[in-house]
Amino acid sequence: MPLRYKKEITLKDGQDCLLRSAVAEDAQEILEHQRITSAETDFMARYPDEICDTPEKEAYLLQAVEADPHSIMLSAFVSGNLAGSASVFTDKVHSRCGHRGDFGISVKQKYWNEGIGSALLQACLEAAQRAGLEQVELGVVDTNLRAFHLYRRFGFQIYGMLPNAFRYRDGSYAGEYEMVCKFSEQK
Ligand SMILES: CC(C)(COP(=O)(O)OP(=O)(O)OC[C@H]1O[C@@H](n2cnc3c(N)ncnc32)[C@H](O)[C@@H]1OP(=O)(O)O)[C@@H](O)C(=O)NCCC(=O)NCCS
């Protein structure tokens, strides 16, 4: 069964926010969101100019996620605008890794600290558990304190540190904490 999700929440500032599964029609807006959020911090894996998929290709990928019972991609809308996006993707090719999910998230800077990241993460973890996954994993740049705080609050633990995980265009590097949330260890 595909993992469909839809929920209305109230943000810390009182605004309404709709969380729902991403659909193919969101493709253009999601690409724009990825370009914006990739430019706002040094914490995302891609530079904005490396987000070159066409809306058609993105729509195709979104359709594949919609049909996949073990993956989820959620969008958060405030006043009809895409404010945040989060996903859990599972390796469908290698069955030995089928119990693991890979988490990613981005919220536009103007919506930070309103609770969107928490709501997206919670929804993704619930969906991952419903899908039968046993753990969700991620990597986070070691200076990304906001994200790190969020992940710890939802039960992620550090299992490693990857030095020089990112090399930036100016020649500097950033290390990354590797984190895992094991559902069997959740209270
Ligand atoms: C990380 C991110 C997803 C968080 O989203 P968000 O909507 O701001 O998250 P929330 O509002 O739900 O929660 C933010 C939490 O960080 C806390 N926080 C804010 N600034 C902080 C800081 N400098 N250090 C530690 N914690 C901080 C807030 O107090 C809040 O925690 P609380 O709810 O326990 O009070 C968002 O900032 C983002 O997209 N950042 C850029 C992209 C990115 O870093 N993605 C993750 C890559 S691994």
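The sequence shown maps to residues 1 to 187 in full-length UniProt numbering. We put the CB at the ideal spot given by N, CA and C, even for glycine.
- DSSP, reduced to helix, strand and coil, places Gly14 outside both helices and strands of the structure shown, so it counts as coil.
- Of the heavy atoms belonging to ligand 1, none sits nearer than 7 Å to the Cβ of Ile158.
- With a cut-off of 7 Å, the C-beta of His33 is classified as distant from ligand 1, since no heavy atom of the ligand falls inside that distance.
- For the pair of segments examined, the region 51-70 was found not to touch the region 150-159: the number of CB pairs separated by less than 8 Å stays below three.
- One Cα belongs to Leu145, the other to Phe43, and the distance between them is close to 10 Å.
- For the UniProt domain "N-acetyltransferase" (34-184), the full-length beta strand (DSSP E) segments reaching 3 residues or more read 72-78, 81-90, 100-107, 135-141, 157-167 and 173-182 along the chain.
- Here Tyr47 is exposed. Its C-beta has fewer than 16 other C-beta atoms within 10 Å.
- The Cβ atoms of Asp142 and Gly175 lie closer than 8 Å to each other.
- Between the alpha carbons of Val136 and Leu18 lies a distance of about 24 Å.
- Excluding sequence positions up to five before and after Val65, its CB lies within less than 8 Å of the CB of Ala22, Ser71, Ile72, Met73, Ser87 and Phe89, all in the same chain and listed in chain order.
- The nearest non-hydrogen atom of ligand 1 is 7 Å or more from the C-beta of Ala128.
- Non-local beta-carbon contacts of Gly84 in its own chain, meaning distances under 6 Å to residues more than five positions away in sequence, involve Ala76, Val107, Ile116 and Leu120 in chain order.
- By the neighbour-count criterion, in which a residue is buried when 16 or more other Cβ atoms sit within 10 angstroms of its Cβ, Thr10 is exposed.
- Looking at the backbone, the Cα of Asn81 and that of Ile30 are separated by about 11 Å.
- At least one heavy atom of ligand 1 sits closer than 7 Å to the Cβ of Ser118.
- In the DSSP assignment, Leu31 is bridged to no other residue.
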